[in-house]
Amino acid sequence: MVQFPLLSRLNDAYVELPPFQDAMPEKQPDAPPSVVS
Numbered sequence: 442m443v444q445f446p447l448l449s450r451l452n453d454a455y456v457e458l459p460p461f462q463d464a465m466p467e468k469q470p471d472a473p474p475s476v477v478s
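For the sequence shown, the numbering used here gives the first residue as 442, with consecutive numbering after it.
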């Protein structure tokens, strides 16, 4: 993401927030096994 410094900073900030952590694909009940493992 070197080409997109703003997106990189936003990602770094958002990844720490619990609502964003809870929304990660691997935390979804219908996530396929390839995403969870």
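Glycine included, each C-beta is placed from N, C-alpha and C at the ideal position. The structure presented is a predicted model; accordingly, all values stated were derived computationally and were not measured.
Cβ pair residue i, residue j closer than 7 Å
i	j	result
M442	L451	no
Length of the line joining the Cα atoms of residue i and residue j
i	j	result
Q469	V477	9 Å
Y455	Q444	19 Å
P474	P466	11 Å
A464	P446	23 Å
A472	P459	19 Å
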